[in-house]
Amino acid sequence: MIVTRADRVAVFTSVHRSPPAVEHSPFRHQAGIDACPVRTSIMKSPKAKPADKPVKPKKSKLRREAILRHALALFDLHGFANTSLDDIARETGIKREAIYYYFKNRAEILLCIIRPQTRSLVDGLDAVVKSDADSTTKLYEAIRNHLQRFDRHCLEMTISLRDVYLDDAKEVRREMDKIWRQYESMWTQIVAEGQASGQFAQVGDPKMVAFAILGMCNWLARWYDPRKSVSVEELIETYFSMLAYGLVKQRDAKEVGSPVLTAKRASSSERLRFVVTSGRDGGAAR
């Protein structure tokens, strides 16, 4: 059979002929033709968006929190001075060297434990001082702000008040002293304003009175146990009542006065009587 040039052209044309045009149809993929990626994505049914999964904290964050948690328990049990990095590492279940990935030393661990609550304590009192309440209400709210920390964060507050002033915690004390001075200054301001307004009695220098109140409040670090029957709310009411109304009834207080001053007056009277009868200050009568 003789194949002419025309026959070869016809065969070549039939083999390399372009595919037939297909209408843009949502069913065109059924024709076995690769669809345009963009159009295919438009025509496909949208996939249901998966529900947001809770974000898991990173392993490093969990490890850091574990170190702080075990350090807090050890500081409470043995004190900062008697707790080593080896103790903390052993309780956490890691090597001592691993702690340095998160903290440079024990002091930084202690600061990370007590700094948040101490700052919160100061910020809470700052809000009380700047409020429009009268001095008596500010006194009540200041006591509440302080004592409630022992209910929510008893261990942190205890360690903050007990261990910061040890020789081993000088680095911590330098930072905390600034915060505590600010806190004490605000307490002094509350007392001074109350005395100036006439709501508080002039029983002494405002700073001395403020320190006396803080001493009473801070002593919870020595004896308070949140698991016992007495609640912080009861303590708040008791402390405020003692400061606002005192222990001695008003009538009796006026009649008796200060026991110390009464004793001094009695001693002075007795000494004066002796001088008059003996004719001189001490020694036998002439």
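Reading the sequence shown from the start, the letters are residues 1342 to 1627 in my numbering. The beta carbon of each residue, even a glycine, is placed where N, CA and C say it ideally should be.
Coil, strand or helix - residue i by DSSP
i     : result
F1416 : helix
P1567 : coil
L1588 : coil
L1446 : It is Asn, not Leu, that sits at residue 1446 in the sequence shown. DSSP places N1446 in coil when its eight states are reduced to three.
H1487 : helix
Q1523 : helix
K1399 : coil
S1582 : helix
K1511 : helix
Q1628 : A question about residue 1628 goes unanswered here, because the residues of the chain that appear run from 1342 up to 1627.
D1475 : coil
V1463 : helix
V1469 : helix
A1542 : coil
Terminal residues of the alpha helix (DSSP H) in which residue i lies
i     : result
R1314 : No answer is possible for residue 1314: the residues shown for the chain start at 1342 and end at 1627.
N1423 : Element bounds for N1423: n/a, residue is neither H nor E.
A1553 : 1547-1559
S1501 : 1495-1503
Residue from the options with nearest C-alpha to residue i
i     : options                    : result
S1461 : R1490, L1576, Y1442, K1399 : R1490
L1496 : D1464, A1585, N1559, Y1443 : N1559
E1578 : T1478, K1590, R1493        : T1478
W1521 : E1482, P1547, R1456        : R1456
A1585 : D1492, H1487, Y1481, I1408 : Y1481
Is the segment 1416-1431 in contact with the segment 1445-1452, if contact means three or more CB pairs nearer than 8 Å? yes
Check whether the segment 1524-1532 and the segment 1548-1556 are in contact - that is, three or more C-beta pairs closer than 8 Å. yes
Determine contact between the segment 1464-1483 and the segment 1431-1440, defined as no fewer than three beta-carbon pairs at a distance below 8 Å. no
Measuring CB atoms only, is the segment 1538-1547 touching the segment 1561-1577, in the sense that at least three cross pairs come out at less than 8 Å? no
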